[in-house]
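See below for the structure under consideration.
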Amino acid sequence: MSETMNTNEGKKPSLNGRRALPSNNSNEEENEVPEMEAFGLIPRGFNPKDYLRVVDIQMFKEPHEINKQQHHTDKYYSPKLIVRRGQLFQIQIDFNRPYKPETDQFWLEYLIGRYPQQNKSTYIPILVGDVLKPGEWGAKITHKESNSVRLSIMSSATCIVGKFRLYVAVWTPFGILRTHRNPATDTYILFNPWCQQDAVYLDDEKEREEYVLNDVGIVFHGNINDIKLRSWSYGQFEENILDACLFLMDKAELELSGRGNPIKICRVASAVINSKDDNGVIAGSWDNTYTYGVAPSAWTGSVDILLEYYSSKQPVRYGQCWVFAGVFNTFLRCLGIPARLITNYSSAHDNNANLRLDFFLDDEGKVDTKLTKDSIWNYHCWNEAWMTRPDLPVGFGGWQVVDGTPQETSDGMYRCGPASVQAIKHGHVCFQFDAPFVYAEVNSDIVYSRREKNGTQVIEKIDTTHVGQLIVTKEVGGDGMMEITEDYKFQEGSKEERLALETAVMYGVKKQTTQDIVYEPQTDVDMDFQVQKAVIGSDFKVTITFRNKSRNYYTATTYLSGNIVFYTGVTKNEFKKHSFSAKLAPSSSSAFDVVIKSSEYLSDLLDQASFHFFVTARINETGKILAVQKATVLEIPTLRIKTQGEMVAGKEMSVTVEFTNPLKQTLENVTLRLEGPGVLRTMKKEFRQIPMNSTLIWEVKCIPKVPGLRKLIASLNCDALRHVYGELNVQIQKP
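When you line the sequence shown up against the UniProt record's numbering, it's residues 1 to 735, in that order.
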């Protein structure tokens, strides 16, 4: 049992002068292990068959057997043993004769990677003892019968997460005899939220079922005034997904000895989920052209993306924030780290991290697009992962923000987190990683300013409540929405909120001073506007209301600008300009309607059917300017999913997807996708044309594998219409 397992000569690794062994950062690579390790010269009469010999090893690795049941790994579609760290599991060794403890000696060896070393915990010899200490490696015989022994094995609660190779070694006077390499005895060891000593321990069973074991989830999108939701299939238990997730850590070249640490794993994963600077999993695209790839809105889950990346090793095209977050969630849950997908409505993308988004107005009160660099995303999705933070002071463990969407670089790479949610709430943004960036995403102020002819900058309005007004995630055990804004920030305007802001500024979040800037808000007239809810393809109206609280007659020169925007708040083009003069009687309210025709917007519509309206009004008598902006999303029709016949695991069933085209035009080159974890693998179908008002019907046959409540998820996609979804809960009966 040498300290380092010896590697057979073959391809000799290139060594450098700094380390005796090359870096061990691939779970996939293996070393060759000698089956006979002689102590010296072997005497002529030596016959290994005279000694204790291993005939077979039983892993109890079937989904219904004790190991996968007790370790909550029975859902993984894998023939190998999968256990969670820091918890007992059982194996049985069959020898060629009864085992005699007085004279026979054997032990187990777990190895990972190509250069296993005991001091790096990549080579783990386990002697059979009498006592098992919780959370430490050990083995104990629990049962002996004829030639077999049953062992209870305890793994370390800080063990490396990955795929280990198992050998059984037997001591003889002349050398060590080992079992040969047998992939059937490979053992995957995962994080264990059920184990108190594990860094990812979560104490609530309902939460563990949701954040670790639920393989479908909900993505909230749309915008603050019109919240939309769609299902996403995480599929963390599907075939080959666990191997694909381990491959991501190999791809990121994370040293194996660091793979027991959820902080390190989250940090490297947030970089490898996006393709920027490391050829990672998903290539982002926000420009509405998705040639040679799949439009972000067409994906229904993570499985296709991860499997395509695992086989091609090339970035999968294309993703936007919810796709990065969906795949990241699959990765975390698959490895056993509790995780959830978060949506922040009105998310600030602050280019210079100064906690303020600057919108510059020109003389007429319109936004000057050349000067305005910051943007507000209608929504932005990221993930939270649950873990202790021994690298931070007490109290900052729990939910951590991790974000795989490439927005800004962190330590030279596009990645973000883990950042403690608790630290963000209290303004303690000095604690690693990337807390100032996340703090700005949920707390920035919007400042509208305008340059006078003499060069002074006049601030027309400061909006302190627009950004991060609502932060949500899917509720535990249901499909509803759970608001978690209070986890990130104190009540707007409270003393605690101001204190957190001052703390954040003290810790180096830049807050620009406003000394040289004149700010005189308009107080005696209020303006607001409402956008009528409308289905895509129909006309709707915008109603602008003024409330004149003064005793004066005013006239307001009002300008409405309607823009088609990406959900990131970046404008594609202005499709509507409308000016009018409003007469405002003293102490009264007045309303004005502006009609938006479908012909004005349909040709330029982007895939999120998202508009941004900007209304500015100049009070002619005082020269004061009022400004209000709002994002709005059109209603998009849904897909209808139906099933026919009985739904029993192992028996064929039929699923139908229907869709009616609501637009005043023919849809061309339409792609439908349908998937449901445990019921059917993703299926795709292309339709050349769907004429206006006509209905498409697609029938699919499938054989569900897993009984229980499952979800079917469908999407429809074409250039004229995206983000069309449908879903159906189905109860699959036991056969």
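Yeah, the Cβ is synthetic: ideal placement off N, Cα and C, and Gly gets one too.
Compute the Euclidean distance between the alpha carbons of Glu239 and Tyr77, then round it to the nearest angstrom. On the sequence shown, position 239 is the one that residue 239 refers to. On the sequence shown, position 77 is the one that residue 77 refers to. Near 5 angstroms, if we compare the C-alpha coordinates of Tyr77 and Glu239.
Touch check for the region 281–293 and the region 314–327: three-plus C-beta pairs under 8 angstroms? yes
Helix, strand or coil for Asp287? Go by DSSP, reduced to three states. Translated into positions along the sequence shown, residue 287 becomes position 287. Here Asp287 sits in coil by DSSP.
Alpha carbon to alpha carbon, how far is Glu253 from Glu32? Give it in angstroms, no decimals. What you label residue 32 is simply residue 32 of the sequence shown in a count that begins at 1. What you label residue 253 is simply residue 253 of the sequence shown in a count that begins at 1. Rounded to the nearest angstrom, the two C-alpha atoms are 22 angstroms apart.
Helix, strand or coil for Trp232? Go by DSSP, reduced to three states. Counting from 1 along the sequence shown, the entry for residue 232 is found at position 232. Of the three classes helix, strand and coil, the one that applies to Trp232 here is strand, per DSSP.
Count the other CB atoms, across all protein chains shown, that sit within 10 Å of the CB of Ala38; report buried if there are 16 or more and exposed otherwise. In the sequence shown, the residue the question calls residue 38 occupies position 38. Exposed, because fewer than 16 other Cβ atoms sit within 10 Å of the Cβ of Ala38.
Around the Cβ of Arg333, are there at least 16 other Cβ atoms within 10 angstroms (buried) or fewer (exposed)? Here residue 333 is taken as the residue at index 333 of the sequence shown, counted from 1. Arg333 should be labelled buried.
Simplified DSSP state of Trp137, which is helix, strand or coil: Position 137 of the sequence shown, counted from the start, is the residue given in the question as residue 137. Three-state DSSP puts Trp137 in coil, outside helix and strand.
Does the Cβ of Ile337 have 16 or more other Cβ atoms within 10 Å, making it buried, or fewer, making it exposed? Counting from 1 along the sequence shown, the entry for residue 337 is found at position 337. So Ile337 ends up on the buried side.
Rank Ile126, Gly676, Glu658 by C-alpha distance to the C-alpha of residue 736 and give the top, closest one. Since the first residue shown for the chain is 1 and the last is 735, residue 736 is missing from the structure and cannot be characterised.
Proximity below 8 angstroms, CB of Ala500 to CB of His612: Here the question's residue 500 lines up with position 500 in the sequence shown. Here the question's residue 612 lines up with position 612 in the sequence shown. No, Cβ-Cβ distance for Ala500 and His612 is not below 8 angstroms.
Taking all protein chains shown into account, decide if Leu292 is buried (16 or more other Cβ within 10 angstroms of its Cβ) or exposed. Translated into the one-based positions of the sequence shown, residue 292 becomes position 292. Note that residue 292 corresponds to Tyr in the displayed sequence, not to Leu. Exposed, since its Cβ has fewer than 16 Cβ neighbours within 10 Å.
Cβ pair Ile241, Leu190 closer than 8 angstroms: For the purposes of this step, residue 241 is identified with residue 241 of the sequence shown, where counting begins at 1. For the purposes of this step, residue 190 is identified with residue 190 of the sequence shown, where counting begins at 1. No, Cβ-Cβ distance for Ile241 and Leu190 is not below 8 angstroms.
State the DSSP-derived secondary structure class of Ile337, mapped to helix, strand or coil. The sequence position of residue 337 within the sequence shown is 337, counting from 1. In this structure, Ile337 counts as coil in the three-state DSSP scheme.
Excluding the five sequence neighbours on either side, which residues of its own chain have a C-beta within less than 8 angstroms of the C-beta of Tyr559, listed in chain order? The residue labelled residue 559 in the question sits at position 559 within the sequence shown. Taken in chain order, the residues that qualify are Glu364, Gly365, Lys366, Lys577, His578, Ser579, Val615, Thr616, Ala617.
In angstroms with no decimal places, state the Cα-to-Cα distance between Met154 and Val212. As a first step, residue 154 must be located in the sequence shown, where it is residue number 154. As a first step, residue 212 must be located in the sequence shown, where it is residue number 212. Spanning the two alpha carbons is a distance of roughly 22 angstroms.
With 8 angstroms set as the bound, which would you pick, yes or no: does the beta-carbon of Met482 sit closer than that to a beta-carbon of chain B? The question asks about chain B, but that chain is absent: this structure has only one protein chain.
Sorted by chain position, which residues of the same chain lie with C-beta nearer than 7 angstroms to Asp434's C-beta, five sequence neighbours on each side aside? To locate residue 434, count along the sequence shown from 1; it is residue 434. The answer, listed in chain order, is Ser410, Cys416, Gly417, Ala419.
Taking the beta strand (DSSP E) that Cys702 falls in, what are its first and last residues? As a working mapping, residue 702 is identified with position 702 in the sequence shown. Counting along the chain, the beta strand (DSSP E) containing Cys702 begins and ends at 695–702.
Taking all protein chains shown into account, decide if Ile619 is buried (16 or more other Cβ within 10 angstroms of its Cβ) or exposed. Stepping through the sequence shown from its first residue, residue 619 is reached at position 619. Ile619 comes out buried.
Considering only C-alpha positions, which residue in the set Asn378, Ala423, Trp382, Pro173 is nearest to Phe396? Mapped onto the sequence shown, residue 396 falls at position 396. It is Ala423.
Output the residue ranges of the beta strand (DSSP E) runs that lie fully inside the region 619–648 and measure 3 residues or longer, sorted by chain position. 625–633, 640–644
Using the three-state DSSP reduction, which class does Val565 fall into: helix, strand or coil? Residue 565 sits at position 565 when you count from the first residue of the sequence shown. Three-state result, Val565: strand.
May I ask which residues mark the beginning and end of the beta strand (DSSP E) holding Asn669? Position 669 of the sequence shown, counting from 1, holds the residue named residue 669. Start and end: 667–676.
Rounded C-beta distance between Gln92 and Arg150? I'm assuming under 8 angstroms. For this step, residue 92 is matched to residue 92 along the sequence shown. For this step, residue 150 is matched to residue 150 along the sequence shown. Indeed they touch by this definition, with Cβ atoms about 5 angstroms apart.
Boundaries (first-last residue) of the beta strand (DSSP E) holding Glu384: In the sequence shown, the residue the question calls residue 384 occupies position 384. Run containing Glu384: 375–387, per the beta strand (DSSP E) assignment.
Looking at the secondary structure, which residues open and close the alpha helix (DSSP H) in which Asp130 lies? As a position in the sequence shown, residue 130 is number 130, starting the count at 1. Asp130 -> no alpha helix (DSSP H), and no H or E assigned at all.
So, with DSSP's three-state summary, where would you put Met692? Here the question's residue 692 lines up with position 692 in the sequence shown. Three-state DSSP puts Met692 in coil, outside helix and strand.
Exposed unless 16 or more other CB atoms sit within 10 angstroms - verdict on Pro173: Along the sequence shown, one-based indexing puts residue 173 at 173. Classification of Pro173: exposed, given that the 10 Å Cβ count is below 16.
Whole-angstrom distance between Pro662 and Ala582, CA atom to CA atom: Position 582 of the sequence shown, counted from the first residue, corresponds to residue 582. Position 662 of the sequence shown, counted from the first residue, corresponds to residue 662. Distance between the alpha carbons of Ala582 and Pro662 is about 36 angstroms.
Leaving aside the five residues before and after Pro193 along the sequence, list all residues of the same chain whose C-beta is less than 7 angstroms from its C-beta, in chain order. Position 193 of the sequence shown, counted from the first residue, corresponds to residue 193. Val200, Tyr201, Leu202, Arg208, Val212, Gly336, Pro338.
In chain order, which beta strand (DSSP E) runs of at least 3 residues are fully inside the region 69–117? 81–84, 88–95, 106–111
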